[in-house]
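In terms of this note's numbering, the sequence shown opens at residue 31 and continues consecutively.
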Amino acid sequence: MSTLESDLRSELMKRIREQEEAIERRMARVKYKIAVISGKGGVGKSFISANLSVTLATTGRHVGVLDVDFHGPSIPKLLGLQGRRMINTSSGLLPIIGPEGVKVVSIDFMLPSEETPVIWRGPLKTNVLRELLSIVEWSDLDYLIVDLPPGTGDEPLSIAQLIKGLTGAIVVTIPSDLSRIVVKRAISFAKQLNIELLGVIENMSYFVCPKCGSIYKIFGEGAGERIAKEMKVNFLGKIPLDPRASECMDEGEPVITCCPESEVAKAILKVTETVIRIVER
């Protein structure tokens, strides 16, 4: 290795150490850091992250959301924040303020348009995530919800390594047997990294006919509870299907404030209360 290469490597390692120290300082101001994960896409993980965050904030807690799904950021849309831009100040990069005062950070706020794709390989994503965590000025938070992309790839691994002392992870699934298989892999991933499993949420659990009141198990039945039992983790609750929830998402408004009387909102509130009880015990 030449002298120049050695100097560049030393400078790079110094920069990485400085960033990791900055991350540690900023994360020290966050009481509880929760990752929301899933084994596969299409289970409504970001929907859970967004609504859990806002519901936590309605209890008077200070909450932030970090959208780590670089290739499909959904949190800004779900919270009605698309088109906004973060501001860089002397104290750091300021999050966008969303519903109920929730602080939101997403790569979506840095893209030229919503059609712009993010075409990054693994090492670049890790570098961007390290840089982002080191410069975002969250200030004092009670909860930071980290919305991770599906699977067990670069982003979840980087979060586990960069955010020291994660409070735990919440796993989102749907009732189908296929989802049960891949979600168990996500749970095993968390356990191998010594991340505490706070529990499993079964989303899209059932549908109640608004006319006759009949209950339909559209995606199957009981996978969430079976996963929790088999993997020896908490079952946090079931979230039903409701067309009004989809309408709220399209409008960029959380269900808890858009239609608080709905069964979905009531279920999310109950799950949130369970999470608070487990985390703050």
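All residues carry an ideal CB built from backbone N, CA and C; glycine is no exception.
query: 4 or more residues per run - each alpha helix (DSSP H) lying fully within the segment 84-163; result: 105-108
query: Cα-Cα separation, isoleucine 298 to threonine 33; result: 58 Å
query: As assigned by DSSP and simplified to three states, the class of threonine 203; result: strand
query: Reduced DSSP category for lysine 247 - H, G, I as helix; E, B as strand; rest coil; result: coil
query: Buried or exposed by the 16-neighbour rule on C-beta atoms within 10 Å, applied to lysine 63; result: buried
query: Check whether lysine 75 and serine 83 have beta carbons under 8 Å apart; result: no
query: Cβ pair leucine 266, isoleucine 200 closer than 8 Å; result: yes
query: Valine 73 and serine 209 closer than 8 Å at C-beta; result: yes
query: Three-state class that DSSP yields for aspartate 280 in the structure shown; result: helix
query: Residue range of the unbroken alpha helix (DSSP H) whose run includes valine 309; result: 293-309
query: Distance between methionine 261 and aspartate 207 (C-alpha atoms, nearest Å); result: 15 Å
query: Rounded separation between glycine 254 and valine 305 - CA only; result: 16 Å
query: Range covered by the beta strand (DSSP E) that runs through aspartate 272; result: Per DSSP, aspartate 272 belongs to no beta strand (DSSP E) and is neither H nor E.
query: Member of Ser79, Pro106 and Thr146 whose CA lies at the smallest distance from the CA of valine 135; result: Pro106
query: Under 8 Å between C-beta atoms of asparagine 233 and isoleucine 204; result: yes
query: Same chain, Cβ closer than 6 Å to serine 79, neighbours up to 5 away in sequence not counted; result: Val66, Ile175 and Asp177
query: Simplified DSSP state of alanine 65, which is helix, strand or coil; result: strand
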